[in-house]
Amino acid sequence: MEPATGYPPPPPTSTSYPYQPPPQQPSNPYYYNPSNGQGPVYTPARPILYRRLITIFIAVTVVFFAALFISWILIRPRIPEFRLTSFTLSGFNSSSHQLSGTWAARLEVYNPNKKMDIENLTAMETRFSIVNTFVDQSVTDAVDEERRKHGSVGFDLEVAAGVGFKVGELRARRRLLKVSCDDLDVRLDGNGGGSGNLTGVPKRCDVYS
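Just so we're aligned, residue 1 is where the sequence shown starts under the UniProt record's numbering, counting upward by one.
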């Protein structure tokens with residue numbers, strides 16, 4: 001307390017500032033000012049749905065093809081086996097630049113894929129003839145010489161066959177097989193006739209894919 005002197009206190013100077021009260025503190029200690037931050041961000045529902053559908057589609061596709069691949073590996077399809085069980089020749093004649101004859105063949109096709117629901121053994125018969133077909137002179141000369149020396153004539157038989165495999169709903173691309181039955185020794189009649197049969201049957205043929 002100042003002593004009374006009888007004079008009023010001096011007025012405040014022009015450079016002084018009024019006293020400011022302290023800022024009011026919020027009652028909630030976790031209070032934040034919403035004006036200083038951003039509000040919650042909402043992602044549209046449609047893009048999320050599209051992403052989920054694409055993910056589900058990819059997962060289902062991968063599982064489907066994986067199951068088919070595993071089934072394919074377990075079954076392990078193999079190409080058929082061919083055996084020549086009969087091969088006959090009749091009316092065979094070789095002259096200068098010409099050949100004639102009738103061939104009859106019987107093939108057995110064996111399916112080694114026992115896990116597939118198809119017949120395991122199938123027989124096929126074929127017959128073909130030529131009459132006075134023109135060939136090179138060297139061909140008839142070789143035939144006559146072989147027949148004279150050994151009493152037999154050698155032939156090669158080739159067959160083209162289409163084959164396909166199916167496992168459940170999975171169907172593999174059809175493949176063309178080449179069946180080759182080589183070195184078929186047909187022994188002809190001793191009286192000079194043009195008929196004969198294959199020796200050493202049955203004979204297994206080679207299969208190429």
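All C-beta atoms, glycine included, are put in the ideal place defined by N, C-alpha and C. Keep in mind the model is a prediction, meaning the values are calculated, not measured.
Selected residue, minimal CA-CA separation from residue i, among the options
i, options, result
"V143", "G194, S94, F134", "S94"
"I79", "E145, L99, L177", "L177"
"G194", "G164, R52, S90", "S90"
"V201", "R52, A105, G164, D141", "A105"
Proximity below 7 angstroms, CB of residue i to CB of residue j
i, j, result
"R162", "R147", "According to the sequence shown, residue 162 is Gly rather than Arg. Taking 7 angstroms as the Cβ cut-off, G162 and R147 do not qualify as a contacting pair."
"residue 212", "F87", "The question about residue 212 has no answer, for the chain in this structure spans 1 to 209."
"V109", "T126", "no"
"S180", "E145", "no"
"C205", "L84", "yes"
"G151", "D185", "no"
"D136", "D156", "no"
"W103", "F69", "no"
Residue i classed as buried or exposed, judged by whether at least 16 other C-beta atoms fall within 10 angstroms
i, result
"G101", "buried"
"V139", "exposed"
"F134", "exposed"
"G196", "buried"
"L49", "exposed"
"F82", "buried"
"residue 270", "Any property of residue 270 remains undetermined from this structure, which presents the chain solely from 1 to 209."
"A160", "exposed"
"F64", "exposed"
"F57", "exposed"
Coarse secondary structure for residue i, derived from DSSP in three states
i, result
"I79", "coil"
"D206", "strand"
"R106", "strand"
"D185", "strand"
"V135", "coil"
"V63", "helix"
"R147", "helix"
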